[in-house]
Every structure is written in C-alpha cells, then in structure tokens.
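Here is the structure we will look at.
Residue numbers (UniProt numbering), protein chains in the order written: chain A, 1 to 504; chain B, 1 to 504.
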C-alpha cells in the first residue's frame with residue numbers, strides 16, 4: 001500500500017520524519033480501536049482487567065510517540081518551510097494534536113483516566129439509587145481536573161471553549177452557541193405547536209414483539225440496499241451501537257429491542273452513515289491526517305444525514321415498506337410506517353429515546369449546564385434543579401427524579417465535557433449538506449424511492465469524504481456547499497417536515 | 001489487579017524498572033495477539049493492508065521496548081544482585097529475550113518478515129503447480145537469512161541449535177535429537193506391524209455428511225464437559241484452529257469439515273488444552289514471566305494430553321458416545337467410535353491429516369531435513385528427493401509430487417525453522433505428565449468415564465500451570481513428574497494402546 005502523502009518524497013526531510021512518527025502514532029490509535037471494538041463486541045467478561053492494561057499501555061505509548069522531541073523538532077523546522085497545500089494541512093493537524101498533548105502533563109491525563117474509571121461505578125450506583133448527591137463529589141473532581149487541563153492548554157481563554165475544541169477544533173464556541181441558541185428559540189415553539197396539534201401520529205409498532213433474528217435480517221437487508229461494503233465491514237451487536245474502524249475495515253454495531261424494531265433500524269442506518277464516511281477516506285493516506293475523518297460534527301453530519309434525511313424520509317419508507325411488513329407481519333401502509341418513524345415524543349425525558357426533533361432540546365440542556373459548570377458559573381450541587389427547570393422550560397416536562405434527569409447519561413462520568421453539542425451541530429450540518437447535494441443532483445426523493453443511492457453517495461465521497469482532514473471544518477462546509485455553516489437548512493427542513501406531519 | 005511480582009516492592013530499584021519495561025512490552029505482545037485473533041476470525045478481508053501496518057508498528061515498538069538501553073542497564077545492575085528465586089527466574093527470562101533481540105539487527109528481522117510475506121505467495125503458487133523449483137530460491141533466501149540471524153546470536157554454535165532455542169530454549173537440541181531418533185527407531189517397526197496386522201479398524205464416520213451446526217453444538221458440549229470457562233473464553237471458527245489469549249481471556253477456534261466430524265472434535269479438544277494452560281497461569285503475574293506459559297513443547301504437552309490421553313481414550317468415548325450418536329445419527333457403539341477415532345492411516349502423506357502415531361514420522365522427516373538445510377548439510381534443490389526418500393523409509397509410502405510432498409506445509413515460508421520438533425517433544429511430554437498424574441491420582445479412566453475432570457485439572461494447575469515460566473522446561477518436567485524428560489512413557493503408551501487396538 002502506498003503510504004506516501006503525494007509529494008512527500010519531495011518534501012523536506014523534517015516533513016518525512018514527522019509523517020513517519022505520526023503514522024506509528026496513528027497505527028497505535030487504530031490498534032486501540034480494534035481492542036475497544038473487541039472489548040464491546042466479542043470479549044468475554046473476564047478479559048476486562050487484562051484489556052484495560054493493554055489499552056493503558058497503548059495509550060501511554062501514543063502519548064509518548066506524539067510528544068516525542070523529534071515531533072517537536074520537526075514541527076519547528078517546518079514552521080516556515082515551503083509546503084504544498086496538502087502538506088501544510090498535514091502539518092497543521094499534527095501540530096494541533098502535538099501542542100494539545102504536549103501542553104498537558106501525562107500524570108494529569110492519567111489522573112482523569114483513573115478518576116473516570118472509578119466515576120463510572122459511582123455514577124451507576126447513584127443512578128440506581130436516583131441520588132445525584134452520591135455522584136456530586138466525583139463530578140466536581142472531574143470538572144476540576146478538566147478545568148486544570150484547559151488551563152494548561154490555554155490559561156487565558158474560557159475553559160469550556162478550550163475543552164470544546166478537543167472535539168470540535170474548527171467550529172468556535174461562539175458559532176456553536178449561536179446555532180444552539182437559534183435552535184432553542186425556534187424549536188421550542190415548534191414543539192409546542194406539535195403538542196397542541198390535533199394530529200396524533202400512529203405508533204404502528206407499539207404492542208408488538210419483534211424477534212431479534214427478524215430484526216437482524218432486516219438490518220442486513222437495509223445495509224445491502226445502502227451499498228455497505230461487506231468486504232470492508234461487519235454488523236454485530238453491542239449494548240450501545242457504535243462504529244469502529246478505518247477506510248480498510250469499518251464495522252458497525254446495533255442493538256435489538258424486542259418491543260421496538262425502529263430502534264435497531266435507525267441505529268443501523270445511523271452507524272452506516274459513520275462507517276460510510278470512514279470507508280470513503282483515502283486509502284493512500286491511511287495513517288496520515290489526509291486519510292482521517294474531520295471532527296465530530298462532520299462525522300455526526302454523515303450519520304444523521306443517512307438516519308434522518310434518508311432513513312426517516314417518506315420515499316425511504318416506500319422503498320422498504322414491503323420488507324418491513326413481510327419481516328414483522330405488521331398491518332400498516334407505507335404512509336403509516338413513515339409517520340410511525342417520525343412521531344414526536346414531547347413527553348419523553350430520556351435523550352437516547354428522543355425523536356429527531358426534541359433530541360436537540362436534550363442536547364441544549366446539557367450544553368448550557370456543562371458550559372456553566374466548567375466555567376465556574378454553576379455549582380455542582382445545583383445541577384439537578386437547573387436541569388429540571390430547563391426541561392420544564394424547553395420541553396414542558398419535569399423529571400421526577402435524578403435517574404430520569406441529570407443522571408441519565410454516562411458521558412460526564414467519562415470526564416468528557418464539550419462533546420454533547422457536536423451531536424446537534426452535526427445534525428444541522430447534515431441538513432446543509434443534504435440541501436447542497438439536492439441542489440447539485442436534483443430532488444433525491446425519486447432516487448431514494450428507487451433504492452438508487454449511488455449519486456448521493458458519490459456526491460458525499462467527492463465533496464466530503466475524500467478530503468479527510470485537509471480542510472478545517474468551516475472550510476469543508478464551504479467547499480462542499482458553497483456557503484458557510486448555517487442552521488437555515490436544518491430549520492427549514494424540520495419546519496416543513498413536521499409542519500406537514502402535524503398539519504401546522 | 002495486583003500487578004506486582006510478589007516481593008517486587010522490596011526488590012532493587014533496577015528490578016522494579018525492569019518489570020515496568022517488560023510489562024509494557026508484554027502488553028504490546030498481547031495487544032498484537034488480539035489483533036491477530038481478530039484478523040483470523042473476525043476481520044473482513046479488505047482490512048488486511050491496514051492490519052499489517054498496525055501489527056508492524058506494534059512489532060517495531062515491542063522490539064524497541066525490549067532492547068531499550070534501560071533494560072540493558074537494569075539487567076547489568078541485576079547481574080550480581082541478591083534476588084529471591086522468583087525474581088531470579090524473572091530476570092533470567094527477560095535477560096534471554098533481551099539478549100536474543102538485542103543481538104539481531106532490526107533491519108535483518110524486518111528483512112525476514114518482508115521476505116516471508118512474499119514467500120507465502122510464492123509457496124502458494126508453487127504448491128498449486130506442484131513445482132518445488134518455483135519455491136526453491138525463496139526458501140534458499142529464508143534459510144540464509146535465518147542462518148545470518150543465528151550467527152548474530154551465537155556464531156560459534158550449530159545454527160540450527162540456535163534457531164531451535166527460539167522455540168525451545170531449555171531442552172537442548174541434543175536431548176531433542178535423542179528423543180526424536182529413539183521415536184523413529186521404535187515407531188517405524190510399530191507402524192510396520194500395524195500395517196501387517198489383520199485388524200482393520202472401523203471408519204465409522206466415513207461416507208456421511210455432518211452439518212456444521214451439529215458439529216458446533218457437539219464442540220460446545222464437549223467444552224462444557226471439560227469445564228472450559230466461558231466467562232474467559234470463546235469458541236469460533238478459522239481456517240486453521242488455534243488458541244489465543246491470556247489468563248484473563250483465552251479463546252479457541254476450530255474448523256468444521258462436513259465429511260469428517262472427528263476433525264473438529266479433536267481440534268476443539270486440542271485447542272482446549274492450550275487454552276486451559278493459559279487460563280491456569282497466575283493472574284497476579286499477568287504481564288511478567290511468572291504469569292507466562294513455558295515454551296512450545298510444554299504448551300503442546302497440554303494440548304496433546306487433552307486431545308490424545310483424554311480425547312482419544314476409550315473411557316472418553318464411553319462418556320460422549322450417546323452425544324455423538326444423537327448429534328450425528330450414527331449407528332455405532334462406544335467401542336466402534338473409540339476405534340474409529342484411533343485408526344492408523346499408514347497410507348497418508350499429509351501431516352495435518354495424520355493420526356496420533358504416524359504424525360511423529362511426519363515431524364521427524366521435517367526435523368531432519370530442516371536441520372541439514374540450516375546447517376548447510378543439504379542443498380535446497382535436493383529437498384524433494386530427500387523428502388520422498390525419507391517418507392519411503394519411515395512410512396513406506398512415497399509422494400508422487402511436491403504438493404503432497406515437501407510443499408505441503410506453510411511453515412517454511414514463514415521463515416520458521418526449528419519449530420516442527422516441538423510438536424513431537426510436546427506429545428512425549430504429555431505422556432510423561434499424564435503418567436505422573438495417574439501415579440498421584442490413581443487410574444484416571446473412571447474419572448474420564450464419569451466426566452469428572454477436576455482432579456486431573458487441579459493436578460495440572462498445581463504442577464504445571466501455576467509455575468508460569470518460573471522453572472526452565474527441564475526443571476518443570478522434573479518438578480511435575482519427579483523425573484527428567486524421557487520418551488519412556490510415550491513409547492509405553494503407544495505400544496500398549498496400539499498393541500491392543502491392532503492385536504499385536
């Protein structure tokens with residue numbers, strides 16, 4: 001396999017050395033990815049203690065490789081070098097990773113890892129008892145450690161902005177906040193209107209029981225229809241659906257609920273979107289930034305585009321209606337199935353059970369709270385009340401206890417802050433990309449109804465995937481759509497779609 | 001998990017540093033093991049190019065960690081240190097690995113890897129064409145490279161002896177040769193007698209077709225009977241059965257042939273033996289030599305003990321006879337099934353299809369040829385003729401072409417020389433260990449017939465597994481059996497067993 005970056009052979013010696021180091025680092029990352037996939041999908045439970053030592057060794061070596069003096073020296077030598085655009089992009093990406101890693105003492109990183117690994121158990125106990133006060137001291141410690149990390153990276157900026165950049169380096173927090181605030185302002189009244197609508201969408205699958213085998217068979221059929229490349233992929237099950245792998249081997253998992261076949265179906269399509277992105281990255285650039293995916297919002301844009309714009313569309317349900325009726329023996333026409341897949345659950349308190357629309361309110365609550373927490377504008381002990389107030393304000397419902405409130409998600413016990421918003425930012429980007437694809441390709445409904453996904457897939461390959469991390473996120477959106485990042489298309493999409501569905 | 005080696009905290013600083021380094025090295029080894037398992041069992045074929053880069057990065061880092069200056073310094077500091085027996089064993093093992101790795105230039109190791117990876121394709125082509133001359137130049141190169149490696153490690157000794165130590169560091173080549181020669185001398189006439197016997201054992205499974213599902217279900221039942229710990233293991237399929245993992249998670253694979261259910265059955269039991277060994281290693285010593293298995297002959301003794309002394313025994317077929325009849329709908333009593341599992345195929349040219357007895361002739365042919373090749377006493381071009389002559393001499397059959405002759409095995413194209421004999425040395429050791437266990441526990445037939453394996457398993461745990469690599473191989477045999485390594489028990493076992501079966 002050619003592991004050169006285009007004109008790497010003509011590049012300065014320092015550039016070649018930098019790439020050499022980075023490729024080893026990248027291969028360790030990918031090896032860790034395989035070990036994690038195995039842990040979640042295949043590993044017998046007894047393997048946990050050994051696996052955590054293996055992963056910890058790999059993670060330590062990754063840090064050492066990335067912050068090696070030779071990397072710093074090469075980056076310094078390249079500061080004013082004459083580089084091609086691609087080379088400059090590679091250096092930009094490696095420099096960013098290097099600087100963040102180098103700024104943070106390894107002991108601090110290990111302390112977060114150790115604290116987080118204990119935190120998960122504490123969170124589980126607190127959630128079981130529905131008692132936030134059990135988790136509060138641990139959360140406080142994690143927030144403090146993360147704040148410390150942010151200060152090492154940049155003591156002069158808002159700590160949450162620094163942490164947010166870990167997941168989303170090129171959409172600044174101001175942009176994120178502008179988009180999230182606009183969504184809140186426009187979605188709250190839309191959701192209220194839906195609540196007041198006379199329309200009740202049919203819950204066509206409620207009350208039935210759907211065998212895992214039948215569901216799996218449908219998931220595989222749908223992956224076939226979406227041209228998932230089985231020679232570079234697999235479908236398995238895990239307790240939480242996820243995607244893992246590279247352009248050579250990218251696997252998806254799903255999860256089957258006996259009483260809700262929509263859950264696995266949408267999860268499978270969502271994960272397909274992630275995998276299809278990775279599988280579209282350049283094989284020639286495996287192991288360097290030009291062969292790596294852009295950050296979390298772009299990744300989520302790919303999963304959401306397939307899950308929502310394709311998988312929850314009317315023509316898609318016309319395409320798969322017969323399969324669904326045959327597989328599950330349900331008595332519902334295409335339109336009814338489509339509507340069932342798009343019910344807005346405005347009485348739902350749980351993020352992972354949320355529909356396409358209210359989902360973003362769940363994200364916005366978390367964003368506002370974690371930002372204030374990290375920036376020191378909210379005390380940990382006040383989280384439950386603020387949480388409940390926001391649910392009441394944005395969704396008109398109030399959790400009755402912490403388990404269905406601020407303890408529902410595991411993410412904070414990982415010590416991750418700044419990650420949640422990327423879910424919504426990605427959905428917004430999905431709508432913008434889909435609109436641009438339609439602009440180029442014409443109305444895609446006919447293609448979807450006919451099961452012809454090639455044109456859309458080629459468009460995504462050409463305009464998003466093949467670039468890897470060559471462009472920054474904002475540049476990539478601009479290159480792909482001709483416009484800067486905007487929530488216009490998302491709001492237009494949901495207003496039209498739910499307006500029709502709920503007769504608004 | 002306590003990752004200390006007993007009194008490591010009281011040990012000299014250099015000892016603690018040595019262990020620290022070695023644990024990282026060991027975790028990388030184990031991570032590579034997971035990646036290899038995945039490659040053979042789960043990976044979609046497209047993943048190969050990325051996986052080989054990941055494994056190559058890991059292997060390079062393993063070499064760097066093991067030959068790090070700090071390891072050399074620690075070993076030097078510990079040369080005259082006052083160490084406990086266990087600590088001294090740890091240092092002995094690490095020193096051996098360090099010295100071998102440090103002696104060989106990394107470029108040479110990489111050249112072997114590169115040559116071997118091309119060699120596999122060349123071998124496949126040559127085998128398909130049944131034309132050794134296509135493979136000869138590649139084999140010549142691999143032999144030369146290995147000879148060069150041996151010279152780096154010890155230029156004053158027979159190169160094959162040096163290579164043999166890679167797999168079997170503590171049974172010297174003289175011992176190996178003595179045992180193999182004795183086996184040849186005693187087994188050749190025994191096999192001749194069998195050939196001339198009037199007895200024809202029933203081939204009870206011949207001509208039938210056995211579904212993979214039924215075979216898999218039987219393999220799982222048998223693993224249950226053998227107390228395989230599913231919380232630390234898995235059964236999967238792969239093109240060649242193998243075992244992979246540590247004391248926390250040790251997995252087996254098998255392979256199902258539709259026309260031969262004995263193949264999967266014996267392979268499953270064989271791999272169980274390997275896995276049961278690893279699962280019996282000390283968890284407290286995960287990542288240091290006291291928690292690692294002794295070398296290949298000891299490992300093979302564990303697989304062969306279960307495969308042959310248990311799995312091919314008369315009481316075992318009395319135990320599983322009903323299962324087998326029910327699963328496969330065969331009309332044969334226990335005695336007939338036992339006999340079918342022990343047919344001696346004296347007309348078989350293929351090692352992997354060989355029975356328990358003639359198997360060792362296949363090994364001895366390879367041993368004698370590869371030893372002469374590596375030591376420069378045989379020209380590569382003469383291999384086919386010498387091969388065929390030896391088959392005629394030892395087994396009374398002559399291959400008609402290279403594909404069923406010297407091209408049948410892949411091992412030489414891996415560049416591995418010195419590995420084959422460990423198969424036979426392990427079988428010999430299995431008989432000695434089994435005899436010692438019977439000496440301690442009384443006749444085990446009743447236990448096997450009753451499916452009560454606990455006493456034998458406890459004996460193996462106590463006398464072999466828990467020691468890890470604390471003792472050298474010869475010491476371990478002595479500790480476990482009270483005698484030095486000997487072929488007496490093996491010869492006694494086969495003479496008695498096949499004497500009865502073939503009425504000699």
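Cβ atoms here follow ideal geometry from the backbone N, Cα and C, with glycine treated the same way. In this text the structure is predicted, and so the values were computed from the model without any measurement.
Inset, instruction - Can you grab the Cα-Cα spacing for the pair residue 280/A / residue 466/A, in whole Å? - result: 6 Å
Legend entry - Beta-carbon gap between residue 394/A and residue 175/A smaller than 8 Å: no
Legend entry - Minimum C-alpha distance to residue 257/A - residue among 446/A, 435/A, 64/A, 267/A: 267/A
Inset, instruction - May I have a chain-ordered list of the beta strand (DSSP E) segments no shorter than 3 residues that lie completely inside the stretch 197–264 of chain B? - result: 235–237, 243–246, 249–254
Legend entry - Proximal residues of chain A, C-beta to C-beta of residue 50/B below 9 Å: 1, 27, 30, 245, 246, 247, 248, 249, 283, 286, 287
Inset, instruction - Give a yes or no on whether 8 Å exceeds the smallest Cβ distance from residue 220/A to chain B. - result: no
Inset, instruction - Starting from residue 457/B, trace the alpha helix (DSSP H) both ways and give me its first and last residue. - result: 454–463
Legend entry - Partner residues on chain A for residue 322/B, Cβ-Cβ distance less than 9 Å: The premise fails here: residue 322/B is roughly 29 Å from chain A at the closest Cβ pair, so nothing lies under 9 Å.
Inset, instruction - Check the Cβ-Cβ distances between residue 34/A and every residue of chain B, and say whether any is below 8 Å. - result: yes
Legend entry - Three-way DSSP call (helix, strand, coil) for residue 3/B in this model: Annotation note: pLDDT 43 at residue 3/B (below 50); position unreliable, coordinate value reported separately. Note: residue 3/B maps to coil in three-state DSSP.
Legend entry - Cβ of residue 45/B within 8 Å of any chain A Cβ: yes
Legend entry - Three CB pairs or more closer than 8 Å across the stretch 433–440 of chain B and the stretch 183–192 of chain B: no
Legend entry - Validate contact between the stretch 236–252 of chain B and the stretch 271–288 of chain B using beta carbons, cut 8 Å, 3 pairs: yes
Inset, instruction - Have a look at 378/A, 400/A, 420/A and flag the residue whose alpha-carbon is nearest the alpha-carbon of residue 348/A. - result: 400/A
Legend entry - Candidates 25/A, 17/A, 50/A, of which the one nearest residue 33/B by Cα: 50/A
Inset, instruction - Go through its chain and collect everything with a Cβ distance to residue 317/B's Cβ below 6 Å, but skip five positions before and after it. - result: 334, 337, 338
Legend entry - Option nearest residue 140/A by Cα separation, candidates 25/A, 157/A, 115/A: 115/A
Inset, instruction - Show which residues of chain A have a CB atom less than 7 Å away from the CB atom of residue 38/B. - result: 34, 38
Legend entry - Proximal residues, the stretch 50–80 of chain A versus chain B, C-beta separation under 9 Å: 50, 51, 52, 53, 54, 55, 56, 57, 58, 60, 61, 65
Legend entry - N-terminal and C-terminal residue of the alpha helix (DSSP H) that residue 35/A is part of: 13–41
Legend entry - Separation of residue 448/A from residue 306/A, as counted between CA atoms: 11 Å
Inset, instruction - Quick one: grab the DSSP three-state call for residue 402/B. - result: coil
Inset, instruction - For chain B, find out if any of its Cβ atoms is closer than 8 Å to the Cβ of residue 230/A; answer yes or no. - result: yes
Inset, instruction - Compare the C-beta of residue 304/B against all C-beta atoms of chain A and say whether one is closer than 8 Å. - result: no
Legend entry - 7 Å CB neighbourhood of residue 131/B in its chain, flanking five on each side removed: 402
Legend entry - Start and end residues, alpha helix (DSSP H) containing residue 495/A: 488–501
Legend entry - Interfacial residues, the stretch 452–469 of chain B to chain A, with Cβ spacing under 7 Å: none
Legend entry - residue 342/A (DSSP reduced to helix, strand or coil): coil
Inset, instruction - Would you verify that the beta carbon of residue 24/A is, or is not, closer than 8 Å to some beta carbon of chain B? - result: yes
Inset, instruction - Would you tell me roughly how many angstroms separate the C-alpha atoms of residue 253/B and residue 420/B, rounded to the nearest one? - result: 21 Å
Inset, instruction - Compute the Euclidean distance between the alpha carbons of residue 330/A and residue 48/B, then round it to the nearest angstrom. - result: 42 Å
Inset, instruction - Flag residue 234/B as yes if its beta-carbon sits less than 8 Å from any beta-carbon of chain A, otherwise no. - result: yes
Legend entry - Cross-chain neighbours of residue 429/B in chain A, by beta carbon under 8 Å: Result: empty, since nearest Cβ-Cβ is about 27 Å, beyond 8 Å.
Inset, instruction - Determine, using beta-carbon pairs with one atom in the stretch 81–100 of chain A and one in the stretch 283–296 of chain A, whether at least three such pairs fall under 8 Å. - result: yes
Legend entry - Reduced DSSP category for residue 102/A - H, G, I as helix; E, B as strand; rest coil: helix
Legend entry - Helix, strand or coil at residue 125/B [DSSP, three-state]: helix
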